[in-house]
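Residue numbers (the UniProt record's numbering), protein chains in the order written: chain V, 1 to 349; chain H, 1 to 349. Taking it in order: structure first as structure tokens, then the write-up.
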């Protein structure tokens, strides 16, 4: 996701990743030093999420102190907002490659994934969330989900709720998800549980909004331990934007169909099918999907088969309507308007 | 080069690439169709420079009409401002890959380079340029250079000048350049000739400004057949910006040293040397070097070992001073201020 100029909900700078206490992240330097030693590595690549890139120099300093002089530490300057944003160039060109802050998207001997668990205490915010959750005497069923950086507290959250008589429903989701109860910006299969309410514990609104879009029948309670606020996910503004984009695209003659070349985002068959069936559709391949890159294409609308969050969250920043594959089917009249649903990746690689 | 928001001299939209007459570009469809046939290709990738991306759909339509139904045409959405911007992902994933509008940067059986020569008549602008060139009776020596898209008229230009008693000096330059008399944004070795004046025939000021920076002792006459204007390259504004950036960087503690991963821009040894000698320098690797990507790094200044034109032309758009490797040596006190010179690539790959 590219959140470049404006600060908005969902922006990583509004999550714990950018808070003052990040001095306390555990970068697991021992594991890195050990891997360098074992492999007699000469080049070590480090990739941080956007919100932690500014920590790169300090981590480099700490590593340099502990590594032999002839080992070179490289920082990835590629955009990094999620597990898909693996710097594959750096991965190929370094002997040890460390990706911080996301779950593994691709397993390899060469990659070290350092999860960067948050040290934020979740109990106070769980306490606050009771105001928004149903009374367990009336409706004890509640789903529980969180993000990679709070996974270390997941059992603590579950126990806390169970001790207050909730019947906590959790699920590992599909193979795209590493942990039980984990959500990704593009995958909420861990919330496919038998409860009308889901408690999301984590920073920002980016994940819970996706969750609420994917599960419009569920009430999504946001317990944000980072910004210390409890709220209910409200998808109305999002939905209006989506319907607006679909309507504006209904008159489109020329369609640009985007195939994203990033690992974990490739839905080539879907992109190809659209182009096969529509003579006015053109296949465009790219890694970063940004407004600048699409401006020079003379298209009336775009369908993005890559990251759905680029479409739904960054959509308004593009000069022409940008739709998900499902929304495209509505815009060209293949599906009815009320079939509009959130676009997610289920086990796609 | 990324010229996204503002229109300025050097912008490709101000060159022949974006003019109305581009219907007349020769896309060499026969060559492409033949290659598809020979290789029994199923996927054809097309990469256009930014200024011609809007022509992609029409070229795709023309190709689809002539190719078997099961051949898929893909358009590259990667930024493309020069020969370095080869879409290597697309190159690997297609059976035939066509790069339009630039000279070959990497030779491969799979790549078809279509030069897209301009059909603009150069004689009227040569006539106008006589007002700025020295009288051949007094000083007949003149260098002659042009860009890839006007190479088809190079002999015509030379003959025209010789018929008017000029002694025309031309040179192939080094191995980075494909043609005699050709300049690239990063290489002006073809102007290393024995003449005090150089005539540049081509669109825009991007190339002649680089040429004048590289050869401050020569008068560079710009004959622009696209915008129909003759002028003299004036580097004063550029030089002021460069000195300003160097001065601002003199107080820098933390340096980001950029290694660009693009084909033809890799000066790793240079980047590594800086990091080796400066404990406060950190190696950052990336493909597109943009202000957004560097904003999250907590650096005081940057040294760019990649495309020098990002540094000199886009420099002011970055939040911190961005220097060339030579300028860095001045800023840290290794070289005197008057050693400032234009950064170019000579045969670097």
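Ideal placement from N, C-alpha and C gives every residue a C-beta, glycine not left out. What you are looking at is a predicted structure, and each value in this text was computed from that prediction instead of being measured.
Rounded to whole angstroms, what is the Cα-Cα separation between residue i and residue j?
i             : j             : result
residue 200/H : residue 210/H : 11 Å
residue 38/V  : residue 183/V : 34 Å
residue 74/H  : residue 218/H : 44 Å
residue 215/V : residue 309/V : 16 Å
residue 205/H : residue 53/H  : 21 Å
residue 427/H : residue 253/H : Residue 427/H lies beyond the stretch modelled for chain H, which goes from 1 to 349, so this question has no answer here.
residue 148/V : residue 57/H  : 42 Å
residue 153/H : residue 122/H : 8 Å
residue 281/V : residue 301/V : 10 Å
residue 304/H : residue 132/V : 52 Å
residue 45/H  : residue 296/V : 17 Å
residue 87/V  : residue 104/V : 13 Å
residue 336/H : residue 174/H : 28 Å
residue 344/H : residue 108/H : 25 Å
residue 118/H : residue 150/H : 6 Å
residue 312/V : residue 61/V  : 39 Å
residue 33/V  : residue 84/V  : 25 Å
residue 249/H : residue 247/V : 50 Å
residue 120/H : residue 176/H : 26 Å
Run through DSSP, which three-state label would residue i get?
i             : result
residue 296/H : coil
residue 207/H : helix
residue 99/H  : strand
residue 324/H : coil
residue 131/H : coil
residue 345/V : coil
residue 286/V : strand
residue 89/V  : helix
residue 182/V : strand
residue 52/H  : helix
residue 1/H   : Because residue 1/H carries a pLDDT of 40, less than 50, the predicted location of this residue cannot be relied on, and no value is offered for it.
residue 332/H : coil
residue 29/H  : helix
residue 173/V : coil
residue 165/V : coil
residue 199/V : strand
residue 306/H : coil
residue 22/H  : Model confidence at residue 22/H stands at a pLDDT of 43, short of 50, so the residue's coordinates are unreliable; what they give is reported in the following sentence. It is helical.
residue 11/H  : Summary for residue 11/H: the model assigns pLDDT 38, below 50, so the residue's position carries little reliability, and this model does not support an answer.
Could you work out which residues of chain V lie near residue i, taking near to mean beta carbons separated by less than 8 Å?
i             : result
residue 294/H : 77
residue 350/H : It is not possible to answer for residue 350/H, since the shown part of chain H is limited to 1 through 349.
residue 60/H  : 282
Which chain H residues are close to residue i, counting only those with a beta carbon under 9 Å from its beta carbon?
i             : result
residue 254/V : 57
Going along chain V in order, which residues have a C-beta closer than 7 Å to the C-beta of residue i?
i             : result
residue 328/H : Per Cβ cutoff of 7 Å: no residues; residue 328/H is ~17 Å from chain V at best.
residue 74/H  : 283 and 285
residue 111/H : Ordered by position in chain V, no residue passes the 7 Å Cβ test against residue 111/H, which lies about 16 Å from the chain.
residue 50/H  : 296
Just the chain H side, please: which residues come within less than 7 Å of residue i by C-beta, in chain order?
i             : result
residue 53/V  : 296 and 297
residue 90/V  : 285
residue 261/V : 89
Under 8 Å Cβ-Cβ, which residues of chain H neighbour residue i?
i             : result
residue 272/V : 72
residue 305/V : By Cβ distance, chain H contributes nothing, its closest Cβ being about 12 Å from residue 305/V, past 8 Å.
What residues of chain V sit near residue i, judged by a beta carbon separation below 9 Å?
i             : result
residue 258/H : 77
residue 277/H : Within chain V, no residue comes near residue 277/H; the closest Cβ sits about 12 Å away, beyond 9 Å.
residue 312/H : Those within 9 Å of residue 312/H in chain V number zero; the least Cβ separation is about 19 Å.
Within the chosen definition, does the segment 245-262 of chain H reach the segment 278-298 of chain H through at least 3 CB pairs nearer than 8 Å?
-> yes
Validate contact between the segment 25-33 of chain V and the segment 95-112 of chain V using beta carbons, cut 8 Å, 3 pairs = yes
Kindly provide the ranges of any alpha helix (DSSP H) runs that are 4 or more residues long and lie completely inside the segment 216-284 of chain H, ordered along the chain.
-> 236-249 and 268-277
Three or more C-beta pairs closer than 8 Å, one from the segment 305-320 of chain V and one from the segment 218-230 of chain V: is that the case here?
-> no
Pick out the complete beta strand (DSSP E) segments inside the segment 111-163 of chain V, 3 residues or longer, and give them in chain order.
-> 111-114 and 141-146
Touching or not, the segment 237-244 of chain H and the segment 127-147 of chain H, by the rule of three or more beta carbon pairs under 8 Å?
-> no
Within the chosen definition, does the segment 111-122 of chain H reach the segment 60-68 of chain H through at least 3 CB pairs nearer than 8 Å?
-> no
For the segment 88-98 of chain V against the segment 190-198 of chain V, are there 3 or more C-beta pairs whose distance is under 8 Å?
-> no
Per the contact definition of three or more C-beta pairs closer than 8 Å, is the segment 153-161 of chain H in contact with the segment 119-129 of chain H?
-> yes
Is there contact between the segment 168-176 of chain H and the segment 322-330 of chain H, where contact requires at least three CB pairs shorter than 8 Å?
-> no
Those runs of the beta strand (DSSP E) which lie wholly inside the segment 33-84 of chain V and span at least 3 residues = 43-47 and 72-76
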